[in-house]
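Here's the structure we're looking at; comments come further down.
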């Protein structure tokens, strides 16, 4: 018998919990580290970016209004489902990153652990950042963190799974929704993650994943008036400057790209969670 021909895959975007094609009809070839064909990925346009922002905004009230415990449980469920597809993620990371199976497996395991770690923070970050403030008068003065809103995320080009989850999880666990531009060079783990999210308990629109050119899409998200914050971790230096200037139009919260390579296996700390939180302070008279 002749050798079986592989199915040539053409992947779509992930917007509002569904998998639409790019409205432009464009796609690009994704190759392995050896240059072999792996799949076609959709090349998102600015119209796709606007659709993703609309989906994220629509999902924000329900997601931000959910209990912290509920958000943590959903992140834990995502970790469970991601671990169930471990072999597929390992194969994709091995093909795209040129790393061995053992190292790829360690990256997938670290990704599962990262999700569980952030899930545990869901109902604790408020206690760490909130406070009861002393005031001179018969009042309670209480400060508590609240989500910023819709956050655009330029995912890192390296670490296409662990790095991707490390920038998404802190945004959504605190009640924000997001639009993510996946690694252009290695988008397959992001596409498979979208399939995990679509079949988990995560409401549609909380995470929206675009594939294509970050240099093309990011400025449109940075200048979008319904985006409240932007994480430029995966942006190049020139694009980051442009995006930061555009983000100033509506005073977006901006997380600048790191000065050097990031060790995604290191302890992430709580900095990424606090970046896209705002503090609400309430005064209340003390009853007699």
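Numbering (full-length UniProt numbering), first residue to last: 1 to 288. Don't be surprised by glycine CBs; every beta carbon is placed ideally from N, CA and C.
Problem - Where residue 231 falls: helix, strand or coil (DSSP) - result: When DSSP states are grouped into helix, strand and coil, residue 231 belongs to the strand group.
Exercise for the section: Specify whether the region 124 to 139 and the region 241 to 260 touch according to this definition: at least 3 beta carbon pairs, one from each stretch, less than 8 Å apart. Expected result: Remark: fewer than three beta-carbon pairs, one from each stretch, lie closer than 8 Å, so the region 124 to 139 and the region 241 to 260 are not flagged as touching.
Problem - Buried versus exposed call for residue 114 [16 or more other C-beta atoms within 10 Å across all chains shown] - result: If you draw a 10 Å sphere on the C-beta of residue 114, you find 16 or more other C-beta atoms in it, and that means buried.
Practice task
Return helix, strand or coil for residue 146, following the three-state DSSP convention.
Solution key: DSSP places residue 146 within a strand segment (E or B) once states are collapsed to three.
Handout entry: Outcome for residue 225 when other beta-carbon atoms lying within 10 angstroms are tallied against a minimum of 16
Key = With fewer than 16 Cβ atoms within 10 Å of its Cβ, residue 225 is classed as exposed.
Handout entry: Same chain only: Cβ atoms within 7 Å of residue 265, ignoring 5 sequence neighbours per side
Key = For residue 265, where only same-chain residues beyond five positions count, the Cβ hits under 7 Å are 110.
Problem - Contact between the region 166 to 185 and the region 53 to 66 (3+ Cβ pairs under 8 Å) - result: Below 8 Å, enough C-beta pairs join the region 166 to 185 and the region 53 to 66 to call them touching: three or more.
Exercise for the section: State buried or exposed for residue 222, treating a residue as buried only when at least 16 other CB atoms are found within 10 Å of its CB. Expected result: By the neighbour-count rule (16 or more Cβ atoms within 10 Å), residue 222 is buried.
Handout entry: contact_flag[the region 206 to 213, the region 12 to 23] where n(CB pairs < 8 Å) is 3 or more
Key = Verdict: yes, contact present.
Handout entry: Extent of the continuous beta strand (DSSP E) run through residue 278
Key = Here the beta strand (DSSP E) through residue 278 covers 277 to 285.
Exercise for the section: Measure from the alpha carbon of residue 247 to the alpha carbon of each residue in 286, 233 and 229, then state which is nearest. Expected result: Ranking the options by Cα distance to residue 247, first place goes to 229.
Practice task
State the DSSP-derived secondary structure class of residue 60, mapped to helix, strand or coil.
Solution key: Residue 60 falls in the helix class under three-state DSSP.
Exercise for the section: Would you give the residue range spanned by the alpha helix (DSSP H) that residue 74 belongs to? Expected result: Taken as a continuous stretch (DSSP letters only), the alpha helix (DSSP H) holding residue 74 covers 68 to 84.
Problem - CB of residue 217 within 8 Å of CB of residue 49, strictly - result: A contact, by the Cβ cut-off of 8 Å.
Exercise for the section: Pull up the distance between the alpha-carbon of residue 55 and that of residue 137, whole angstroms please. Expected result: Cα to Cα, the separation comes out at about 45 Å.
Practice task
Would you mind sorting residue 220 into buried or exposed? The rule is 16 or more other CB atoms within 10 Å of its CB.
Solution key: Flag for residue 220 reads buried.
Handout entry: Cβ neighbours of residue 240 in the same chain (closer than 6 Å, five flanking residues each side left out)
Key = Non-local beta-carbon contacts of residue 240 in its own chain, meaning distances under 6 Å to residues more than five positions away in sequence, involve 232 and 257 in chain order.
Problem - Inter-residue spacing [alpha-carbon to alpha-carbon] between residue 94 and residue 156 - result: If you take the alpha carbons of residue 94 and residue 156, they lie about 17 Å apart.
Handout entry: C-beta contact flag for residue 187 and residue 89 at 8 Å
Key = Judged by beta-carbon spacing, residue 89 lies beyond the 8 Å limit of residue 187, meaning their Cβ atoms are not closer than that value.
Exercise for the section: Pick out the complete alpha helix (DSSP H) segments inside the region 94 to 151, 4 residues or longer, and give them in chain order. Expected result: Secondary structure in the region 94 to 151: the alpha helix (DSSP H) runs of 4 residues or longer, each lying completely within the stretch, are 101 to 121 and 125 to 129 in chain order.
Handout entry: Cβ pair residue 164, residue 152 closer than 8 Å
Key = Here residue 164 is not near residue 152, since their CB atoms are 8 Å or more apart.
Exercise for the section: May I ask you to list the residues that DSSP assigns as paired with residue 29? Expected result: Per the DSSP secondary-structure output, residue 29 pairs in a beta bridge with 40.
Handout entry: Inter-residue spacing [alpha-carbon to alpha-carbon] between residue 252 and residue 6
Key = Residue 252 and residue 6 have their C-alpha atoms some 45 Å from each other.
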